[in-house]
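Chains as they are written, first to last, in the numbering used here: chain A, 1 to 302; chain B, 1001 to 1259. Only one structure is covered here, and it is reproduced in the block below.
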């Protein structure tokens, strides 16, 4: 997209003449994205009281405090598990879904519209709806299990039982991530020229062969984009965990994102929280750099 | 079946929103309300300050959307039409901001808002939301602007239009679908934003709906029926808006990557 129609016969303008046009955008980005990032890094190197008062340079003291926290290791491992399993499941489920809604069948429009609902609806609200559906006695989930005769005796408390709560969170995250992912893959599917597929069919390729040998390789790009954007979104995912378990009981369902928030705004333990914030930020930065690199090729072609 | 799977939770929400409170935990539990309590949708306005929540959400979302438009239209137009030093650096900056969510920077945002004395105010929410949604609009709109032939515009300028008039009278009407998409996307994203609102807004009277609804939860007796009438009121309009821009959503979100 962007700027493929630039007229080369015009001489390159200087950045000064561009400023009246792009200046406000740069200003807004500096104010809302760059400033908080610099502030976060600065605070992470400063001694800070629980009330938020700054008490001078602290070197890596906040980082030291953070790494002395006995819960950090478990939370870090859980974060990796969380991100990888949500993204993996999302992509695996979205692939056949995109294939499905790319075909024409009666009710196709309904399916596409239905898939937009979890995408458009607020993630907190969707999470709260799931909280109700997973409720101990009256929730849809346990009700169905009872009626099907799968669940006998005591109903399961999906959100409080430590054996299940983390899987429930993963499930809700997958549920809200599927629509976006499916639509990205669908866009990729639709960009595959029909004549290639027809040519393969004329040559006697089965539909599985067409998929495996032609569509899948051509989808690589959309899959990669969908995966990277999901990696970032899922890593940042705060509302699902906050609405369903608050990371609890204890730190049992925290990721580094909710843990950093909890330390800062619930426990008023600002120092180590800013250190973790910087590490989280650095991790996202790394994925963004990979994303920019991966997409550079397609952008240059544009 | 697949379609039903994705809307089932929301159907469950609608059905629960129509149950009388006594039926919520009744045994045996039924899926459909035994007595359909359409009054819930009237009574909820008195039971919780949802008129306040909605007002906050509308004001913040409309202002953030306007701010995004004012800032992104000139930038997208200029980038689509001109080659200048720093152009790709600017595009890269925009693309990078699209990838960041305020969640990772929340402590920095909180301190900045405090520095400006804007804690617990709507302007703070407006500016932060506009900043994080700017990228989508710039990328999407520059694609639309680039697809309008320069010749049309030049013809208008020969006929005596200034560049600004040409933009306003010729280009903007042609790129209307892009503008509508940018407007709806920013509006919905701001409407649904949770983390910044949770952190910056403390007084109940100024909460937008996304954080306001959490005040229903966590008490001993959750008024699920009112909670869900509220979420239904908040979700249905944005779903309709999103469906209306379905065609353009993916293009804007994966801008610069998927063609």
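Yeah, the Cβ is synthetic: ideal placement off N, Cα and C, and Gly gets one too. Small disclaimer: the values here were computed from a predicted structure and weren't measured.
Proximity test, Cβ basis, 8 Å: residue i and chain B
{"i": "residue 277 of chain A", "result": "yes"}
{"i": "residue 165 of chain A", "result": "no"}
{"i": "residue 107 of chain A", "result": "yes"}
{"i": "residue 60 of chain A", "result": "no"}
{"i": "residue 95 of chain A", "result": "no"}
{"i": "residue 268 of chain A", "result": "no"}
{"i": "residue 92 of chain A", "result": "no"}
{"i": "residue 72 of chain A", "result": "no"}
{"i": "residue 119 of chain A", "result": "yes"}
{"i": "residue 68 of chain A", "result": "no"}
{"i": "residue 140 of chain A", "result": "yes"}
{"i": "residue 6 of chain A", "result": "Low local confidence applies: a pLDDT of 48 at residue 6 of chain A is under 50, so the model's placement there is unreliable, with the coordinate-based value given in what follows. Answer yes: the Cβ-Cβ gap between residue 6 of chain A and chain B drops below 8 Å somewhere."}
{"i": "residue 312 of chain A", "result": "This structure cannot settle anything about residue 312 of chain A, because the visible part of chain A is limited to 1 through 302."}
{"i": "residue 303 of chain A", "result": "The first residue shown for chain A is 1 and the last is 302, placing residue 303 of chain A beyond what the model contains."}
{"i": "residue 126 of chain A", "result": "yes"}
{"i": "residue 293 of chain A", "result": "no"}
{"i": "residue 261 of chain A", "result": "yes"}
{"i": "residue 78 of chain A", "result": "no"}
{"i": "residue 57 of chain A", "result": "no"}
{"i": "residue 193 of chain A", "result": "no"}
Cutoff 8 Å: residue i Cβ touching any chain A Cβ
{"i": "residue 1226 of chain B", "result": "no"}
{"i": "residue 1250 of chain B", "result": "yes"}
{"i": "residue 1258 of chain B", "result": "Low confidence applies here, because residue 1258 of chain B scores a pLDDT of 41, under 50, leaving its location unreliable; read the following figure in that light. Interface residue, yes."}
{"i": "residue 1095 of chain B", "result": "yes"}
{"i": "residue 1035 of chain B", "result": "no"}
{"i": "residue 1017 of chain B", "result": "no"}
{"i": "residue 1199 of chain B", "result": "yes"}
{"i": "residue 1239 of chain B", "result": "yes"}
{"i": "residue 1111 of chain B", "result": "yes"}
{"i": "residue 1192 of chain B", "result": "yes"}
{"i": "residue 1247 of chain B", "result": "no"}
{"i": "residue 1072 of chain B", "result": "yes"}
{"i": "residue 1131 of chain B", "result": "yes"}
{"i": "residue 1006 of chain B", "result": "yes"}
{"i": "residue 1181 of chain B", "result": "no"}
{"i": "residue 1104 of chain B", "result": "yes"}
{"i": "residue 1055 of chain B", "result": "no"}
{"i": "residue 1121 of chain B", "result": "no"}
{"i": "residue 1117 of chain B", "result": "no"}
{"i": "residue 1264 of chain B", "result": "Residue coverage of chain B in this structure runs from 1001 to 1259, which leaves residue 1264 of chain B outside it and unanswerable."}
{"i": "residue 1040 of chain B", "result": "no"}
{"i": "residue 1208 of chain B", "result": "no"}
Residues of its chain near residue i, where Cβ-Cβ distance is below 7 Å and the 5 sequence neighbours each way are ignored
{"i": "residue 1113 of chain B", "result": "1119, 1124 and 1200"}
{"i": "residue 123 of chain A", "result": "176, 239 and 240"}
{"i": "residue 128 of chain A", "result": "243"}
{"i": "residue 247 of chain A", "result": "241, 253, 254, 258, 259 and 262"}
{"i": "residue 173 of chain A", "result": "86, 234, 237 and 240"}
Residues that residue i bridges to, as DSSP identifies them
{"i": "residue 13 of chain A", "result": "B/1084"}
{"i": "residue 57 of chain A", "result": "A/46"}
Contact test: residue i Cβ vs the ligand ATP heavy atom, cutoff 7 Å
{"i": "residue 226 of chain A", "result": "The ligand ATP is not part of this structure, which contains no ligands at all."}
Residues near residue i by beta carbon distance below 8 Å, same chain, minus five either side
{"i": "residue 56 of chain A", "result": "46 and 47"}
{"i": "residue 1037 of chain B", "result": "1018, 1019, 1020 and 1225"}
{"i": "residue 294 of chain A", "result": "224, 225 and 228"}
{"i": "residue 1072 of chain B", "result": "1134, 1137, 1138, 1141 and 1182"}
{"i": "residue 1256 of chain B", "result": "For residue 1256 of chain B, the predicted structure reports a pLDDT of 49, less than 50, and the residue's modelled location is therefore unreliable. The matter cannot be settled from this model."}
{"i": "residue 1067 of chain B", "result": "1126, 1127 and 1130"}
Supposed close pair residue i, residue j - CB separation, criterion 8 Å
{"i": "residue 97 of chain A", "j": "residue 182 of chain A", "result": "5 Å"}
{"i": "residue 1189 of chain B", "j": "residue 1133 of chain B", "result": "5 Å"}
{"i": "residue 1170 of chain B", "j": "residue 1152 of chain B", "result": "6 Å"}
{"i": "residue 185 of chain A", "j": "residue 218 of chain A", "result": "Residue 185 of chain A to residue 218 of chain A, Cβ: 11 Å. No contact."}
{"i": "residue 1266 of chain B", "j": "residue 1142 of chain B", "result": "There is simply no residue 1266 of chain B to check, as chain B begins at 1001 and stops at 1259 in what is shown."}
{"i": "residue 1098 of chain B", "j": "residue 1135 of chain B", "result": "3 Å"}
{"i": "residue 1096 of chain B", "j": "residue 292 of chain A", "result": "7 Å"}
{"i": "residue 1181 of chain B", "j": "residue 1235 of chain B", "result": "Residue 1181 of chain B to residue 1235 of chain B, Cβ: 20 Å. No contact."}
{"i": "residue 75 of chain A", "j": "residue 256 of chain A", "result": "6 Å"}
{"i": "residue 245 of chain A", "j": "residue 165 of chain A", "result": "6 Å"}
Sequence-distant residues of its chain with Cβ nearer than 6 Å to residue i (five each side left out)
{"i": "residue 1110 of chain B", "result": "1199"}
{"i": "residue 1258 of chain B", "result": "Note on residue 1258 of chain B: pLDDT 41, under 50, position unreliable in the model; the coordinate value appears next. There are no such residues."}
{"i": "residue 142 of chain A", "result": "155"}
{"i": "residue 157 of chain A", "result": "136"}
Start-end ranges of the beta strand (DSSP E) lying completely within the stretch 1024-1059 of chain B, minimum 3 residues: Correct list: empty.
3 or more residues per run - each beta strand (DSSP E) lying fully within the stretch 98-148 of chain A: Here no run is fully enclosed.
Runs of beta strand (DSSP E) wholly within the stretch 1101-1148 of chain B (minimum 3 residues, chain order): For the stretch 1101-1148 of chain B, not a single whole beta strand (DSSP E) run of length 3 or above is found.
Complete runs of the beta strand (DSSP E) confined to the stretch 1152-1183 of chain B [at least 3 residues]: Whole beta strand (DSSP E) segments, 3+ residues: zero.
Whole runs of the beta strand (DSSP E) within the stretch 136-212 of chain A, excluding any shorter than 3 residues: Qualifying beta strand (DSSP E) stretches: none in this window.
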